[in-house]
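Input: a single structure, listed below in structure tokens.
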Amino acid sequence: MMIVLNHKMKLTYQEAKEYAELLDKTTYTDQVVVCPNMAYLSLFRGSNYKLGSQDVSPFLTGSHTGDVSSEQLKSLKVKYCLIGHSERRSDYQEDNKIILKKAQALLSQEIRPILCIGETFSEKSDKKNILINEIKNVFDALNKEEQQQIIIAYEPIWAIGTGQVPDKQEIEETISFIKQLIKENYEINCEVLYGGSINEQNYSDLKQIAVLDGLLIGGFSIRINDLQKLLEVQ
Ligand code: PGA
Numbered sequence: 056m057m058i059v060l061n062h063k064m065k066l067t068y069q070e071a072k073e074y075a076e077l078l079d080k081t082t083y084t085d086q087v088v089v090c091p092n093m094a095y096l097s098l099f100r101g102s103n104y105k106l107g108s109q110d111v112s113p114f115l116t117g118s119h120t121g122d123v124s125s126e127q128l129k130s131l132k133v134k135y136c137l138i139g140h141s142e143r144r145s146d147y148q149e150d151n152k153i154i155l156k157k158a159q160a161l162l163s164q165e166i167r168p169i170l171c172i173g174e175t176f177s178e179k180s181d182k183k184n185i186l187i188n189e190i191k192n193v194f195d196a197l198n199k200e201e202q203q204q205i206i207i208a209y210e211p212i213w214a215i216g217t218g219q220v221p222d223k224q225e226i227e228e229t230i231s232f233i234k235q236l237i238k239e240n241y242e243i244n245c246e247v248l249y250g251g252s253i254n255e256q257n258y259s260d261l262k263q264i265a266v267l268d269g270l271l272i273g274g275f276s277i278r279i280n281d282l283q284k285l286l287e288v289q
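Numbering (the working numbering), first residue to last: 56 to 289.
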């Protein structure tokens with residue numbers, strides 16, 4: 056299973072340093088992917104986990120103040136990168152066009168995009184169409200080889216940081232729907248993760264969902280001592 060840790064805009068430099076030191080002390084059976092704050096990427100170089108980025112510039116080169124390019128991420132040994140996260144969609148109005156450009160920028164550097172998709176609470180009844188639209192936006196523009204590099208993270212927006220989690224059956228149905236959609240339309244088997252309010256209470260239970268390929272953990276990921284206990288025993 057893939058366990059992606061999204062630190063968001065949390066931790067100070069010193070805290071991130073201690074976090075990285077703690078990660079180094081453990082052997083994981085799961086594939087752990089750490090997505091620290093961009094400023095701390097170079098602190099995370101362990102051999103027992105992979106490095107992910109929370110964002111990337113849609114531009115390949117040029118003068119773009121504040122941006123970090125996919126080439127720069129690659130030079131820091133970044134292997135995965137989140138795109139389409141609901142916080143970036145709402146904070147910066149990132150639309151389908153930008154998300155696709157980011158996917159293409161990453162693929163050009165052999166970094167695997169983790170495409171976050173999901174519905175808001177009021178969109179629940181239209182969930183399938185929302186997911187189809189977000190998937191097609193990226194997949195339709197890529198060739199098969201590129202499509203195979205995409206990992207999907209299903210994150211219902213109403214579950215992110217709220218303590219609310221869909222029940223297991225609902226997650227299972229949605230993940231199966233996404234996998235089937237991709238299989239039918241693009242003839243590939245896509246890895247699909249779940250994200251949204253994962254914590255020490257529901258972690259082990261969610262891991263039991265057979266169709267799931269992994270978990271994307273936000274808020275809980277910075278509580279390294281509690282998380283470490285769960286990661287270690289797997
Ligand atoms: P959360 O965030 O675990 O804090 O709900 C998940 C995410 O935003 O990736």
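We put the CB at the ideal spot given by N, CA and C, even for glycine.
Inset, instruction - Confirm, please, whether the CB-CB distance from P168 to Q202 is below 8 Å. - result: No. Outside cutoff.
Inset, instruction - Check whether the Cβ of I230 lies closer than 7 Å to any heavy atom of ligand 1, and answer yes or no. - result: It does not: the Cβ of I230 is nowhere closer than 7 Å to a heavy atom of ligand 1.
Legend entry - Own chain, CB closer than 7 Å to I226, minus 5 neighbours either side, in chain order: Y249, I264
Legend entry - Member of C90, Y104, E200 whose CA lies at the smallest distance from the CA of L286: Y104
Inset, instruction - May I ask whether a heavy atom of ligand 1 can be found less than 7 Å away from the beta carbon of S145? - result: no
Legend entry - Any 3 or more C-beta pairs closer than 8 Å across the segment 148-168 and the segment 205-212: Of all C-beta pairs linking the segment 148-168 to the segment 205-212, three or more are shorter than 8 Å, placing the two stretches in contact.
Inset, instruction - Could you check the C-alpha separation between I279 and Q69 for me, to the nearest Å? - result: 14 Å
Legend entry - N188 (DSSP reduced to helix, strand or coil): The three-state reading of DSSP puts N188 in helix, counting H, G and I together.
Legend entry - Short Cβ contact (8 Å threshold) for A75 with L98: yes
Inset, instruction - Return the CA-CA distance between R143 and K284, expressed in angstroms with no decimal places. - result: 30 Å
Legend entry - Reduced DSSP secondary structure (H/G/I, E/B, other) of V123: coil
Inset, instruction - Examine ligand 1 and report whether any of its heavy atoms sits within less than 7 Å of the Cβ of F275. - result: yes
Inset, instruction - State the Cα-Cα distance for the pair K134 and S177, rounded to the nearest angstrom. - result: 34 Å
Inset, instruction - Check whether the Cβ of L248 lies closer than 7 Å to any heavy atom of ligand 1, and answer yes or no. - result: no
Inset, instruction - Go ahead and pull the three-state DSSP assignment for M64. - result: coil
Inset, instruction - Pick out whichever of M93, V59, V87, M57 has its Cα sitting closest to the Cα of T67. - result: For the residues M93, V59, V87, M57, the minimum Cα distance to T67 belongs to M93.
Inset, instruction - Report the residue ranges of all beta strand (DSSP E) runs contained in full by the segment 84-139; include only those spanning at least 3 residues, in chain order. - result: Counting whole runs of 3 or more residues, the segment 84-139 contains the beta strand (DSSP E) stretches 86-90, 105-108, 133-138.
Inset, instruction - Have a look at L197 and I172 and give me their C-alpha separation to the nearest angstrom. - result: Pairing L197 with I172, the inter-Cα distance amounts to about 17 Å.
Inset, instruction - Give me whichever residues DSSP pairs with C54 in a beta bridge. - result: Given a span of 56 to 289 for the chain in the structure shown, any question on residue 54 remains unanswerable.
Legend entry - Backbone CA spacing between Q289 and Y83 [nearest angstrom]: Note on Q289: pLDDT 46, under 50, position unreliable in the model; no value is reported.
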